[in-house]
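Residue numbers (our numbering), protein chains in the order written: chain A, 16 to 320; chain B, 16 to 320. Ideal Cβ positions, reconstructed from N, Cα and C, are used throughout, including at glycine. Note that this is a predicted model, so its numbers are computed, not measured. Some notes on the structure that comes next.
Number of protein chains: 2
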Amino acid sequence: MAYRHVALIGLGLIASSIAHAMRRAGMEARITGYARTEATRAEAARLRFAEVMPTAAEAVAGADLVILCTPVGAMGPIAAEIAPHLARGITVSDVGSVKREVIEAVAGRLPADVAFIPAHPVAGTEHSGPGAGFASLFDNRWCLLTPPPGTDPAKLAALRAFWEALGARVDEMDPDHHDLVLAVTSHVPHLIAYTVVGVADDLSRVTASEVVNYSAAGFRDFTRIAASDPTMWRDVFLSNKDATLEILGRFTEELFALQRAIRLGDGPHLHAYFTRTREIRRGIIEAGQDTPAPDFGRAGGAAGE
Amino acid sequence: MAYRHVALIGLGLIASSIAHAMRRAGMEARITGYARTEATRAEAARLRFAEVMPTAAEAVAGADLVILCTPVGAMGPIAAEIAPHLARGITVSDVGSVKREVIEAVAGRLPADVAFIPAHPVAGTEHSGPGAGFASLFDNRWCLLTPPPGTDPAKLAALRAFWEALGARVDEMDPDHHDLVLAVTSHVPHLIAYTVVGVADDLSRVTASEVVNYSAAGFRDFTRIAASDPTMWRDVFLSNKDATLEILGRFTEELFALQRAIRLGDGPHLHAYFTRTREIRRGIIEAGQDTPAPDFGRAGGAAGE
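Written as structure tokens, this is what we have:
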């Protein structure tokens with residue numbers, strides 16, 4: 016069963032990539048969309064990846080799949096706003112980076128005959144807005160579904176097939192476990208990258224141009240992550256508070272142990288630690304989740320060139 | 016004045032990239048080399064970017080420029096070993112990521128008529144060894160020289176011209192300030208990346224395959240940095256202890272402030288912080304120190320594609 020009309024609420028990086036990937040996959044579904052700010056709606060309309068509507072109610076009218084693509088903090092109010100305008104028996108999904116709070120904010124606000132099947136495509140870039148999307152964003156990336164108990168198997172299968180057609184690999188997960196896993200692979204790394212860049216920006220003894228010029232030694236990778244959308248990330252931390260704080264606690268514990276090894280001059284401890292972490296990167300490359308090229312290939316030269 | 020014979024002590028990523036870049040620049044200088052382990056010497060000999068010698072003494076014999084390309088902890092002993100074999104009045108330099116301790120370990124061990132001019136090319140990748148080098152590694156990257164007071168201007172100019180011919184931009188800096196700046200742009204980011212990856216590897220409630228599969232949400236960038244050479248990095252932290260601990264202190268202070276904002280639900284604080292850090296990335300891209308392509312271009316798609 017393919018969707019005939021997909022409504023995208025929120026028209027940023029993920030929504031525009033969904034639209035581009037739907038067209039690349041040859042889907043003929045109608046795509047309508049809505050964004051809160053007029054500037055975003057105007058830009059999306061100009062880019063023509065969706066029929067942009069002046070209200071969320073008009074965007075969802077007649078849709079058989081509605082995907083919430085806003086920052087997670089906006090999803091509860093949006094669900095309440097669109098609920099009276101949804102066709103009977105359709106599927107509502109989302110793309111939020113946090114699942115437990117989204118379920119609590121959204122599920123209760125939708126009509127009982129609508130299936131809410133939360134989703135999280137684990138993909139993105141540091142760019143945001145309607146112009147940032149591209150068709151291959153989800154290729155070979157994972158999309159995690161956290162269906163509530165009792166979800167209609169046919170509706171679940173349809174959403175899974177939709178994401179697979181966009182290029183993603185699909186898995187199902189418990190929402191609380193999702194939030195813990197993503198705290199490790201995404202939320203805490205982002206908070207730490209923001210912090211590293213913030214500290215560098217704030218030092219009076221090192222100038223901004225020194226930080227900029229000598230960033231190739233490692234720092235510039237952090238700045239990519241720390242250039243991500245501030246509103247999205249504020250909402251992520253506020254809505255995945257418990258898991259973020261738990262993993263942050265583990266992180267500071269480990270950091271203090273390494274800091275102590277540096278202070279005490281414990282070379283063997285440092286060397287053993289730095290050796291172990293190489294293995295994980297090998298796993299990521301073997302799993303097809305990153306490129307083995309030096310500097311992600313941006314160095315402009317291959318080994319032995 | 017061009018060098019006629021350059022000796023590279025240590026034959027890893029930086030040394031092999033120097034040799035490739037010298038050839039690309041059309042330099043006709045003889046290039047000799049030495050590495051401590053026989054396996055590295057054999058691999059370098061097979062790759063033929065230098066005449067590999069069985070001892071450091073033989074490698075430096077007759078050279079008018081000797082560059083120490085080993086981990087910084089090995090530079091003092093190497094200086095003592097090569098000192099009796101250096102030709103009179105030549106230049107010795109290095110490529111270490113730390114300058115104050117290298118100066119203390121090396122300068123006093125060299126003959127008085129030899130000019131020791133420390134250097135640090137701020138460039139690298141996560142790969143190591145003789146096969147990791149490539150000719151464009153230094154293109155548009157900065158090479159920082161920390162010449163001691165009274166350095167012969169002609170010798171300083173020659174070393175500067177050498178690095179410019181390899182593609183680098185050259186600047187001079189006080190060694191202590193160098194070590195502080197690099198603690199910010201390189202040493203602390205590396206320590207933090209190692210820690211983030213180490214924590215993920217160590218969690219019993221999140222499996223290794225979950226970390227690997229869902230790494231595209233940010234974590235995989237940290238694994239690239241945390242895949243860097245363990246021996247090199249052990250030595251960096253042990254030899255730049257004070258600046259590393261100072262900047263780590265600033266980092267944990269900031270991190271605790273953000274952690275507190277999350278705990279208290281202080282959205283405006285988080286949003287303001289995350290907005291400020293976007294500016295630094297813009298500066299890095301404008302300075303030509305990184306690519307503006309999403310995900311460093313590895314995403315395989317440009318915006319709007």
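Next on the checklist: Using 8 Å for Cβ pairs, my map puts A/His193 next to A/Thr161. What's the rounded Cβ distance?
Outcome noted: 6 Å
Item to check | Residues within the region 279-300 of chain A neighbouring chain B, beta-carbon criterion of under 7 Å | outcome: Gly280, Gly282, Leu285, His286, Tyr288, Phe289, Thr290, Arg291, Thr292, Arg293, Ile295, Arg296, Gly298, Ile299
Next on the checklist: Quick check: is the beta carbon of B/Val221 nearer than 9 Å to any beta carbon in chain A?
Outcome noted: yes
Next on the checklist: As a quick exercise: from A/Arg175, A/Pro99, A/Ser112, A/Arg103, pick the residue whose alpha carbon is nearest that of A/Ala89.
Outcome noted: A/Ser112
Checklist entry - Does the beta carbon of A/Ser151 fall short of 8 Å from some heavy atom of the ligand NAP? => result No copy of the ligand NAP occurs in the structure displayed, which carries no ligand at all.
Checklist entry - Candidates A/Ala102, A/Phe64, A/Pro69, A/Arg63: which alpha carbon is nearest A/Val81's? => result A/Ala102
Checklist entry - Based on the DSSP secondary-structure assignment, which residues constitute the bridge partners of B/Leu83? => result B/Ile24, B/Asp109
Item to check | Close beta carbons around B/Val104, own chain, < 6 Å, minus the five adjacent residues each side | outcome: One point to set straight first is that residue 104 of chain B is Gly, not Val, in the sequence displayed. Within the same chain, B/Gly104 has close Cβ partners Asp128.
Checklist entry - Roughly how many angstroms lie between the CA atoms of A/Glu57 and A/Phe149, to the nearest whole one? => result For the record, residue 57 of chain A in the displayed sequence is Ala; it is not Glu. Straight-line Cα distance between these residues: approximately 18 Å.
Item to check | Cutoff 6 Å; reference A/Tyr49; Cβ partners in own chain excluding five residues on either side | outcome: Ile24, Met68, Ala71, Ala74
Next on the checklist: In this structure, how does DSSP classify A/Asp154 when only helix, strand and coil are distinguished?
Outcome noted: coil
Checklist entry - If you measure beta-carbon to beta-carbon, which residues of the region 114-142 of chain A are closer than 8 Å to chain B? => result Val137, Ala138, Gly139, Thr140, Glu141, His142
Next on the checklist: With a threshold of 9 Å between beta carbons, is A/Ala108 in contact with chain B?
Outcome noted: The amino acid at residue 108 of chain A is misidentified as Ala; the sequence shows Ser. Judged by the 9 Å Cβ criterion, A/Ser108 is not in contact with chain B.
Next on the checklist: Measuring straight from C-alpha to C-alpha, what distance separates A/Ser230 and A/Arg19?
Outcome noted: 48 Å
Next on the checklist: Counting beta carbon pairs with one atom in the region 197-215 of chain A and one in the region 158-175 of chain B, are three or more of them shorter than 8 Å?
Outcome noted: no
Checklist entry - Mind listing which residues of the region 146-163 of chain A have their C-beta closer than 8 Å to chain B's C-betas, in chain order? => result Gly146, Ala147, Gly148, Phe149, Ala150, Ser151, Leu152, Asp154, Arg156, Trp157, Leu159
Item to check | Under 9 Å (Cβ pairs) to chain B, residues found in the region 164-183 of chain A | outcome: none
Item to check | Residues, ordered as in the chain, of the region 228-247 of chain B that lie near chain A by beta-carbon distance below 7 Å | outcome: Asn228, Tyr229, Ser230, Ala231, Ala232, Gly233, Phe234, Arg235, Asp236, Phe237, Thr238, Arg239, Ile240, Ala241, Ala242, Pro245, Thr246
Item to check | CB-CB length for A/Val199 against B/Val226, believed under 8 Å | outcome: 6 Å
Next on the checklist: Between which residues of its own chain and A/Ile29 is the CB-CB distance below 6 Å, once the five residues before and five after are set aside?
Outcome noted: Cys84, Val110
Checklist entry - Which partner residues of A/Ala130 appear in the DSSP bridge assignment? => result A/Thr106
Checklist entry - Along the chain, where does the beta strand (DSSP E) that runs through B/Arg184 open and close? => result 184-187
Next on the checklist: If you measure between the beta carbons of A/Arg322 and A/Trp157, is that distance less than 9 Å?
Outcome noted: Residue 322 of chain A is absent from the model: chain A starts at 16 and stops at 320.
Item to check | Selection from B/Ile97, B/Asn155, B/Ala59, B/Asp257 that minimises the alpha carbon distance to B/Gly303 | outcome: B/Asn155
Item to check | Cβ neighbour criterion (16 or more within 10 Å) applied to A/Ala147 | outcome: buried
Item to check | Buried/exposed call for A/Ala134, threshold 16 Cβ in 10 Å | outcome: buried
Next on the checklist: So within the region 170-255 of chain A, which uninterrupted alpha helix (DSSP H) runs reach at least 4 residues, ignoring any that extend past its ends?
Outcome noted: 190-197, 203-217, 223-228, 234-240, 245-254
Item to check | C-alpha distance - B/Pro341 paired with B/Gly91, whole-angstrom precision | outcome: Shown here, chain B extends from 16 to 320; a query on residue 341 of chain B therefore has no answer.
Checklist entry - Under three-state DSSP, which class holds B/His135? => result strand
Checklist entry - Which residues bound the alpha helix (DSSP H) around B/Ala282? => result At residue 282 of chain B the sequence reads Gly, which differs from the Ala that was named. Residues 282-301.
Checklist entry - Which of helix, strand or coil does DSSP assign to B/His142? => result coil
Checklist entry - Between the Cα of B/Ala38 and the Cα atoms of B/Glu261, B/Arg63, B/His284, B/Met188, which residue gives the shortest distance? => result This sequence places Arg at residue 38 of chain B; Ala is not what is there. B/Arg38 has its Cα closest to that of B/Arg63, out of B/Glu261, B/Arg63, B/His284, B/Met188.
Checklist entry - Should B/Ile277 be flagged as near chain C, meaning a C-beta pair shorter than 9 Å? => result Absent here is chain C; the protein component of the structure consists of chains A and B.
Checklist entry - Alpha carbon to alpha carbon, what distance is there between A/Phe153 and B/Gln274? => result 31 Å
Next on the checklist: Give me, in chain order, the residues of the same chain whose beta-carbon lies closer than 6 Å to that of B/Ala208; leave out the 5 immediate sequence neighbours on both sides.
Outcome noted: Phe237, Ile240, Ala241
Item to check | Beta-carbon contacts of B/Ser143 that lie in its chain and below 8 Å, excluding the five residues immediately before and after | outcome: Gly27, Leu28, Ser243, Asp244, Met247
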